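To keep things clear, I will list the structure first and then write my remarks on it.
Numbering (the working numbering), first residue to last: 84 to 700.
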C-alpha cells in the first residue's frame, strides 16, 4: 500500500511539475507593445513575430467592444503576421484578447489599450521662443556606472577609445538639469537614445537596432520617461532625434526581414551619393536620384524602403508611439531628404494631424536656400511636391557665419554676407521656424572655425540669439570646446566633470578657466534675457545694408524695439544714428543689455569686434 501511495505522490509531483513548466511564448515581438484609445487615427497595425515559428498559419479573431479586426496580412516570411485593428471612439481602455487558432490548438494574447494622456504639460512643441541645447548622451555625464557595459551587447564602456562608448547616460543628464535650467536654455535635443547594438562606434546612436527600446547602456524606457517628466517640471522641453532613412544591420527586423522589399537591395554594397539637392533638381538623372535615396548611408546602416506600405505604417506608428508614451515635445528627423519624399510628407502630416501643437525639424544638409526651402511646409514647389515639415535646418546660414566673421568687409563679404543671405528669406514659407546653429555633432566646432577668437564667438552668439529662427547650441560651446569636424571624436569630447574622478568639473565655476567663465557668463546672461523677450521670438526683423562692415538690425513689435549692432572690424567705429531714424522714431535712450549703462541715440562708438543689444526707451 505504501508503495502505491508513494507512486501516486510521485505521479502527482511530476504532473504538477510538468504543468508548471512555462510554455514557450508564441511571439518574440509584438509591436507596438500597446496602444491608446482616443487617438484621432483610429487604425493600428500590430506586428506579430517569431523567428522560430510559422506565425502566418494561425487564424486570428478578437472579441472586444468598440474594436474591429479590419485585416490580417501575411507576407513572404511566414514568421510574421500583420493585424490591423479599427479602434472606435467608443472603445474603452483594457486588454483585447487575441485568439490564435491552429487546428485544435488555441492561444490567447492580451493586447493592452491605454487611455490617452490628458496632461496639458506634455507634448508642448517648440518654436522660436526656445533655445535648444544639443547633447550627445554618451559624452555628457555618467550617472549610473552599472549600465556602462551590458552582457549580450557588442560594445561596453571604453572611455580611452575616441570612438568607443564612454558611459554617459540618461541619469547623467538628469543629474545636471539644474545646470541646464540655470544656464538658460529651454529645450534639450538628445542625439538618438534608442538601442544601437552594432559592432563599432555605436555611441552616436544613428544605427538603431530597436525602434521601441532605449539603449540599455543609456538607461531604460522608464528612465527616459522620468527624465522627460523632470525636464517638464523644470521648464525644459525634450526633442527626440529619430531616423527614418536607415536601421542598424543587426536589428532583428533586418536579420529576419518580413519581405526583401523592406530594405534596398544591391548586388554589392552601394552607398548613397549624399547629394540631397538631387531630389529637387529639375534636371536630375533617375540614376542619381535612385543612388541618393536608395544607396546605403554606411555599411552598418541598412537603407529602408519606405514605399513598402507595411514598413511605412510601422515607422509612422513608431513616432506616434514615442510621442504619446514618453511625452516628447518635438522630433528632429535625421537625413530628411534621403527617404522617399512622399513618405516623409505622409509622416509629417500624420503626426501633426494627431498632435497639432507638436513640432518637427528635418535635417536638410544643403548649402542652398532654395534647395532647403523646398522641404518646408507650405512651400509652393514647381514639381507639385507638398511638404508638411514645419522647420528645416538652416545650413546656408551655418556656412555663412564663420566666413562673415573671418573675412574683411566688402560688397558681398564680411557682414554683407549675412545681410545678403537673410535677404533670400522670401524663399522660405516661414524663415522664423528655421533651426539656426553655429555647429552640431557633425560639424567643426565653431570656436575652432573662427580661430579660437572669443570676441568673434560673442558676436556670433549675439546674432544667433537675436535674429529670426529657433536657435540651437551644442554642448560645450560655453566651455570653448574646439575640434575639427573631419574627426568626429574631436567634436564629441566628454563634458569635463561628468564622470566620477574627472580632474576638472566644468559644471561648476571653479572648474572653468577665467576665459571659459567669461563666455559662460555672457551666454547665461543673454539666454536668460531672451527667455521672455517676445520681440526677439516673433518681432519683425528689419535690417540695414552693412556699411564699413557694421551690421545693424532691429526686432520690433507693438510693445518694444531692440536694436542690434555688430561691428565686424578690428577697430572701433563711430555709428551715426540718423540713418536708422525710421526705427528709432521718438526713442532717446538705449539700454545695453550686455553691459551696464545707457547710450545716447544720436551717435554711438561701437568697440572693435563687438556686438551690442540695445533696448530702446
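Heads up, the beta-carbon is just placed ideally off N, CA and C, and yes, glycines get one too.
No experiment lies behind these values; they were computed from the predicted model shown.
Would you list the residues sitting across from residue i in a DSSP beta bridge?
i, result
"residue 400", "BP columns for residue 400 are empty, so no partner."
"residue 80", "What the structure shows of the chain is the stretch from 84 to 700, and residue 80 is not part of that stretch, so it cannot be assessed."
"residue 554", "519"
"residue 644", "639"
"residue 113", "131"
"residue 165", "130 and 156"
"residue 178", "195"
"residue 185", "188"
"residue 675", "697"
"residue 267", "Partner(s): none; residue 267 has no beta bridge."
"residue 577", "Per DSSP, none; premise fails for residue 577."
"residue 354", "379"
"residue 249", "DSSP lists no partner for residue 249."
"residue 625", "637"
Are there 16 or more other CB atoms within 10 angstroms of the CB of residue i, so buried, or fewer, so exposed?
i, result
"residue 238", "buried"
"residue 366", "exposed"
"residue 688", "exposed"
"residue 632", "buried"
"residue 220", "buried"
"residue 550", "buried"
"residue 173", "exposed"
"residue 423", "buried"
"residue 686", "exposed"
"residue 144", "exposed"
"residue 399", "buried"
"residue 628", "exposed"
"residue 516", "buried"
"residue 283", "exposed"
"residue 252", "buried"
"residue 324", "buried"
"residue 104", "Its pLDDT being 44, under 50, residue 104 is placed unreliably in this model, and the value from its coordinates should be taken loosely. Looking at its Cβ environment, which holds fewer than 16 other Cβ atoms inside 10 Å, residue 104 is exposed."
"residue 587", "exposed"
"residue 198", "exposed"
"residue 593", "exposed"
"residue 420", "buried"
Identify, in the order they occur along the chain, each residue of the same chain with its Cβ nearer than 6 Å to the Cβ of residue i, setting aside the five sequence neighbours on each side.
i, result
"residue 347", "377, 386 and 388"
"residue 562", "589 and 599"
"residue 461", "512"
"residue 681", "672 and 674"
"residue 401", "294"
"residue 554", "214, 519, 547 and 548"
"residue 241", "247"
"residue 341", "158, 160 and 163"
"residue 706", "Absent from the structure is residue 706, since the part of the chain shown begins at 84 and ends at 700."
Can you give the beta carbon distance from residue i to residue j, rounded, assuming they're within the 8 Å contact cut?
i, j, result
"residue 440", "residue 328", "About 26 Å; that fails the 8 Å criterion."
"residue 256", "residue 224", "6 Å"
"residue 321", "residue 314", "5 Å"
"residue 447", "residue 415", "With a Cβ gap of about 12 Å, residue 447 and residue 415 do not count as contacting."
"residue 480", "residue 533", "Wrong, their Cβ atoms sit about 15 Å apart, outside the cutoff."
"residue 437", "residue 403", "6 Å"
"residue 149", "residue 175", "7 Å"
"residue 311", "residue 411", "6 Å"
"residue 663", "residue 635", "6 Å"
If I measure Cβ to Cβ from residue i and keep anything under 8 Å in the same chain, skipping five residues before and after, which residues do I get?
i, result
"residue 265", "607"
"residue 94", "Any answer about residue 94 is weak, because its pLDDT of 41 lies below 50 and its placement is not dependable; what the coordinates show is given next. Here the set comprises nothing."
"residue 318", "264 and 269"
"residue 690", "650 and 655"
"residue 218", "256, 271, 272, 273, 274 and 558"
"residue 495", "503"
"residue 601", "537"
Check each candidate in the options and name the one with the smallest Cα separation from residue i.
i, options, result
"residue 621", "642, 323, 605 and 629", "642"
"residue 159", "144, 109, 138 and 176", "138"
"residue 492", "649, 165, 276 and 325", "649"
"residue 147", "195, 522, 186 and 108", "195"
"residue 405", "636, 463, 447 and 118", "118"
"residue 397", "357, 108, 115 and 683", "115"
"residue 565", "556, 530 and 246", "530"
"residue 451", "478, 668, 429 and 433", "478"
"residue 354", "676, 384, 342 and 334", "384"
"residue 614", "548, 297 and 364", "548"
"residue 676", "657, 545 and 248", "545"
"residue 430", "638, 683, 124 and 280", "124"
"residue 171", "568, 136, 121 and 216", "121"
"residue 330", "316, 582 and 381", "381"
Please list, in chain order, all residues of the same chain as residue i whose beta carbon is under 7 Å from its beta carbon, the five residues on each side excluded.
i, result
"residue 134", "111, 162 and 339"
"residue 668", "none"
"residue 230", "252, 299, 300 and 302"
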